[in-house]
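**Q** Have a look at the structure that comes next, please.
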Amino acid sequence: MSCSSNDQLNDPDRKYPLIILSDRLPSADDAGGVVKLLTSMSIPQAAIWAGPGTVVPDEKWSPQLPLEIRRYRDQFLLIQYPVPATLKQAHYATIANGVLWAALHGLDQQFNENIENLFQTNPEHQFSAAFAQYWQFNEIATKVVDRWIKPGGIVWCIDYQMVGVRSMIEGTRMMYSNCTPIPDVQHLNRMYVGSKTLLEMPDFKKWIEQLCHYHLVVLQRFHDLENLLEIGSKLDPNFRKINLSKNVYCAFGNLVRLIDIPVGQNVKSLRTEANVARRKYDQGQLSQTVKDLIDRDLIHQVCPQKVLALVSRNDYTKGILETIAAVNAYFEMYPGDVKFLFILQPARTQVVGYEKYHQRVDRDIEKLRATWAEKVVYVNQGIPHDELMLLLRDYIDFVLIMATHTDGHNLIAPAMLKVSPRNSSKGVIAVEGAGMVDYVGFENIFLCQDLSNPKATATVFAEAINTPSEQLIARFNRMQQKSLRMNDKTYFNTHVSALLEAERLLLTQFCRKN
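Using our numbering, the first residue of the sequence shown is number 1, and each one after it goes up by one.
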C-alpha cells in the first residue's frame, strides 16, 4: 500500500504506540489543538496521524494548513492512504453525512428525508449495500492501523466516520472521541429505512455494538453516554458496559491546566483580527462584499435598528428554511426597525439533497427580500474571518445559532462573546435545538423551542429585540464570563481527555517494560 508521509519519520520497520485515525488529515482549528497536545506528550514522536486525505478548510474558511499544525509538522508522522472514490462517496457522503450525522443529532425528519433521497427503489437493501462500502472503507483503515501499530498500542478514532476500524494486532486498544451528541431512543424510533426503524437495521446495530466495545469512549456530556448505553441495552441486553471512568472527566480540568496548551483561537487573537479588519476598512482594503455590507446596510448612523444575523457554514439545511419562515412571520406580526442578516457559506462537500435544499433557500430568501426589501440582507459566500469578527463586534446585535451541539460547525456565539467588549448589549438566539447551551448557559440564551412553528420563533425574536438594554448587558456578561472561564482549553474536551487517557495508558505500559 503506497502512503505519502514525512520521510524523516517514515521508517518502514518502526511501529508506533499511538495512531490518531481520522477520515481527514488535520486542517481545522481543532486538529491544530490536538497536534499541540500530541506534541506535549511525555513520549516524543510516539504517534502518527492517518487519514484518506480529505482536506477540510479550517474555521477561517481557508484551505491552507493552519500555522499551529505547520509549526509541529516535523514532530509527528502524517500518513495519507488511498481510498477508491466510490468507497469515499459511500463512506462520507452517503453513510456519514446522509445517515449517521442526522441520526446522531436526533434529526428524525431530516434523516427520513435523506433516506428517501438516497434509497428510492429498495431502501432496506440499498441501505445495507451502502453500509457494506462504509465497512469496506474502514477495512482499508484497519490495514493501515495494523501496518503501523505497536502490539499493545492505542488506536484513537476521531469522529463517528471511523467507528468500525479495528486491529488484528494482539493487545491493541481502540479509543473513540467526538463532540457529536448521542440522541435518546425515542428519536431513533422515529427514523425509518423503508418499513423498519433505524434501530431494527442490522448495520446500525453493528455500528453501535462496535462503538460500545471500544476500550474507551469519550463523549461530550454524561447524558450522551447514558443515551448510548440505553441504545446499546435496547439492541442487546448483553452489551458490555463502556469502559469509561468518570475520573477522566473529573480530573480533566486540572490535567489540562498542567499541560497549559491553549486549544483553538483565544480572545486576544480574535480581537486582534477585528482590529485588523477595522484598519482594512479605514484604508479601503476590506473585501468588496463586506465593505458594501457595512456601507449600505450596517453603518449605525443610518441603520439605527437592531441587527439579527444567522451565520452558517452551509446554505442548505431545513433549519435555515424554517428560520426564513420565522423571519417572515416576525415582520408580519411586529412593527419596528429590525434587520435580518443571512451570511451563509456554499457547501464544500457532497451532501444528500443539497441541490434541492440550496435552491429552496435561495428561492425563499429572494421571496423574503422581495417582500421586506432592505430589512433582509443575504450574503452567500465565505467571507474573511477577520472581517466576520469585525461584523460580530461592531455591527451585529444578536446571533442566531443553529448547531445542535458544541462543535466546529458553530463557533459564532463563542466568537462574538470573545471578540466583543464587556457590557455589550448583545444576545444569542438558539434557533435549532439547544445549541451552545452547555457552552454559555441555558438561562442566558433566547431559546426557540419549536423552529417548525414560525410564529412561536418570531415571538422569541421579539422577546430578544425588546429586552431592555441593561438586561441584555447582564445576560451577555454572564455568558461571556462563563465562556471565558471555560476558555478554549475545554472546547475540545473530548479529544483532550482521550489523549490524556492515551498518554496515561502508554506511560503505564512503558513503565512496566522498564
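Backbone N, C-alpha and C define an ideal beta-carbon position, used for all residues, glycine too.
(1) On a CA-only basis, which of L219, R504 and D364 is nearest K318? Give me that one, please.
(2) List the endpoints of the continuous alpha helix (DSSP H) containing F461.
(3) Helix, strand or coil for V377, going by three-state DSSP, please let me know.
(4) If the criterion is Cβ atoms closer than 9 Å, does the pair V290 and L400 meet it?
(5) Going by C-alpha to C-alpha distance, which of Y92, F111 and R504 sits closest to M191?
(6) Is it right to say V273 is buried, meaning 16 or more other beta carbons lie within 10 angstroms of its own, or is it exposed?
(7) For A370, count the other beta carbons within 10 Å of its own beta carbon; 16 or more makes it buried, fewer makes it exposed. Which is it?
(8) Using 10 angstroms around the beta-carbon of D386, count the other beta-carbons present and answer buried if the total reaches 16, otherwise exposed.
(9) Assuming I182 contacts Y134 under a Cβ cut-off of 8 Å, what Cβ separation, rounded to an integer in Å, is found between them?
(10) In terms of residues, what are the limits of the alpha helix (DSSP H) holding K150?
(11) What whole-angstrom Cβ distance do N280 and D397 have, given they're in contact under 8 Å?
(12) Give me, in chain order, the residues of the same chain whose beta-carbon lies closer than 6 Å to that of Q126; leave out the 5 immediate sequence neighbours on both sides.
(13) Do P17 and G152 have their C-beta atoms within less than 9 Å of each other?
(14) Looking at the unbroken beta strand (DSSP E) that takes in K339, where does it start and where does it end?
(15) If you reduce the DSSP assignment to three classes, tell me which class S233 lands in.
(16) Tell me where the alpha helix (DSSP H) around V276 begins and ends.
(17) Could you pull the start and end residues of the beta strand (DSSP E) that I182 belongs to?
(18) For S425 versus F476, is the C-beta spacing smaller than 9 Å?
(19) Given 8 Å as the limit, is there contact between the region 151-169 and the region 184-199, that is, 3 or more CB pairs closer than that?
(20) Can you grab the Cα-Cα spacing for the pair R313 / A502, in whole Å?
(21) Taking all protein chains shown into account, decide if D315 is buried (16 or more other Cβ within 10 angstroms of its Cβ) or exposed.
(22) In this structure, does DSSP put K15 in helix, strand or coil?
(23) What number of angstroms, rounded off, separates the C-alpha of M174 from the C-alpha of Y357?
(24) Have a look at G284 and P454 and give me their C-alpha separation to the nearest angstrom.
(25) Hey, K367 and K150: beta-carbon distance below 9 Å or not?
(26) By DSSP, does I473 sit in helix, in strand, or in coil?
(27) Taking the beta strand (DSSP E) that D427 falls in, what are its first and last residues?
(28) For the alpha helix (DSSP H) that L417 lies in, which residues bound it at each end?
(29) Could you give the DSSP three-state label for M201: helix, strand or coil?
(30) Taking all protein chains shown into account, decide if G98 is buried (16 or more other Cβ within 10 angstroms of its Cβ) or exposed.
(31) Could you please give the first and the last residue of the uninterrupted alpha helix (DSSP H) stretch that includes R393?
(32) Residues in the same chain with beta-carbon distance under 6 Å from I445, minus the five sequence neighbours each way, listed in chain order, please.
(33) Based on the DSSP output, what are the partners of V307 in its beta bridges?
(34) Name the two residues that bound the continuous beta strand (DSSP E) containing M515.
(35) Taking the Cβ atom as the reference point for each residue, do L451 and A326 lie within a distance shorter than 9 Å?
(36) Mind checking E322: buried by the 16 CB within 10 Å criterion, or exposed?
**A** Let me spell this out:
(1) Residue 318 sits at position 318 when you count from the first residue of the sequence shown. Residue D364 is the option with its Cα nearest to K318.
(2) The residue labelled residue 461 in the question sits at position 461 within the sequence shown. That run of the alpha helix (DSSP H) goes P454 to N466.
(3) Taking the first residue of the sequence shown as position 1, residue 377 is located at position 377. If DSSP states are grouped into helix, strand and coil, V377 belongs with the strands.
(4) The count along the sequence shown starts at 1 and reaches residue 290 at position 290. The count along the sequence shown starts at 1 and reaches residue 400 at position 400. Cβ atoms of V290 and L400: not closer than 9 Å.
(5) If you number the sequence shown from 1, residue 191 lands on position 191. The residue with the shortest Cα to Cα distance from M191 is F111.
(6) Within the sequence shown, numbered from 1, the residue matching residue 273 stands at position 273. The sequence shown places Glu at residue 273, rather than the Val named in the question. Buried, by the Cβ-count rule.
(7) As a working mapping, residue 370 is identified with position 370 in the sequence shown. By the 10 Å Cβ count, A370 comes out exposed.
(8) Within the sequence shown, numbered from 1, the residue matching residue 386 stands at position 386. Its Cβ being crowded by 16 or more others within 10 Å, D386 is buried.
(9) In the sequence shown, counting from the first residue as 1, residue 182 sits at position 182. In the sequence shown, counting from the first residue as 1, residue 134 sits at position 134. The pair is not a contact, with the Cβ atoms about 19 Å apart (cut-off 8 Å).
(10) For the purposes of this step, residue 150 is taken as residue 150 along the sequence shown, with counting starting at 1. Note, K150: premise wrong, no alpha helix (DSSP H); beta strand (DSSP E) at I149 to I158.
(11) For the purposes of this step, residue 280 is taken as the residue at position 280 of the sequence shown. For the purposes of this step, residue 397 is taken as the residue at position 397 of the sequence shown. Position check: residue 280 holds Lys in this sequence, whereas Asn was assumed. With 8 Å as the limit, K280 and D397 do not qualify as a contact, their Cβ atoms being about 23 Å apart.
(12) Position 126 of the sequence shown, counted from the first residue, corresponds to residue 126. Once the five neighbours on either side are set aside, the close Cβ partners of Q126 are F119.
(13) Position 17 of the sequence shown, counted from the first residue, corresponds to residue 17. Position 152 of the sequence shown, counted from the first residue, corresponds to residue 152. Closer than 9 Å, so yes.
(14) Stepping through the sequence shown from its first residue, residue 339 is reached at position 339. First-last of the beta strand (DSSP E) with K339: V338 to L344.
(15) Taking the first residue of the sequence shown as 1, we reach residue 233 at position 233. In this structure, S233 counts as helix in the three-state DSSP scheme.
(16) Start at 1 with the first residue of the sequence shown, and residue 276 comes out as number 276. Run containing V276: V267 to D282, per the alpha helix (DSSP H) assignment.
(17) The residue you call residue 182 lines up with position 182 of the sequence shown. Run containing I182: none; DSSP gives neither H nor E here.
(18) Indexing the sequence shown from 1 puts residue 425 at position 425. Indexing the sequence shown from 1 puts residue 476 at position 476. Yes; because the gap between Cβ atoms is below 9 Å, this pair is in contact.
(19) no
(20) Within the sequence shown, residue 313 is the residue found at index 313, counting from 1. Within the sequence shown, residue 502 is the residue found at index 502, counting from 1. Straight-line Cα distance between these residues: approximately 32 Å.
(21) Counting from 1 along the sequence shown, the entry for residue 315 is found at position 315. The residue is buried, with at least 16 neighbouring Cβ atoms inside 10 Å.
(22) The residue given as residue 15 occupies position 15 in the sequence shown. It is coil, neither helix nor strand.
(23) Mapped onto the sequence shown, residue 174 falls at position 174. Mapped onto the sequence shown, residue 357 falls at position 357. In a straight line, the C-alpha of M174 is about 38 Å away from that of Y357.
(24) Locating residue 284 in the sequence shown gives position 284, where the first residue counts as 1. Locating residue 454 in the sequence shown gives position 454, where the first residue counts as 1. One C-alpha to the other measures close to 40 Å.
(25) Locating residue 367 in the sequence shown gives position 367, where the first residue counts as 1. Locating residue 150 in the sequence shown gives position 150, where the first residue counts as 1. Cβ atoms of K367 and K150: not closer than 9 Å.
(26) Translated into the one-based positions of the sequence shown, residue 473 becomes position 473. Three-state DSSP puts I473 in a helix.
(27) Within the sequence shown, residue 427 is the residue found at index 427, counting from 1. One detail in the question is off: residue 427 reads as Gly in this sequence, not Asp. Per DSSP, G427 belongs to the beta strand (DSSP E) from G427 to A430.
(28) Taking the first residue of the sequence shown as position 1, residue 417 is located at position 417. I412 to V419 is the extent of the alpha helix (DSSP H) around L417.
(29) Position 201 of the sequence shown holds residue 201. Correct three-state label for M201: coil.
(30) Residue mapping note: residue 98 aligns to position 98 of the sequence shown, counting from 1. Buried, by the Cβ-count rule.
(31) Position 393 of the sequence shown, counted from the first residue, corresponds to residue 393. Segment H385 to D394, the alpha helix (DSSP H) holding R393.
(32) On the sequence shown, residue 445 is found 445 positions in, with the first residue counted as 1. Excluding residues within five positions, the ones whose Cβ falls inside 6 Å are V428 and A430.
(33) As a position in the sequence shown, residue 307 is number 307, starting the count at 1. Its beta-bridge partners are K339.
(34) Shown here, the chain extends from 1 to 514; a query on residue 515 therefore has no answer.
(35) Taking the first residue of the sequence shown as 1, we reach residue 451 at position 451. Taking the first residue of the sequence shown as 1, we reach residue 326 at position 326. Going by C-beta atoms, L451 is nearer than 9 Å to A326.
(36) Start at 1 with the first residue of the sequence shown, and residue 322 comes out as number 322. Under this definition E322 is a buried residue.
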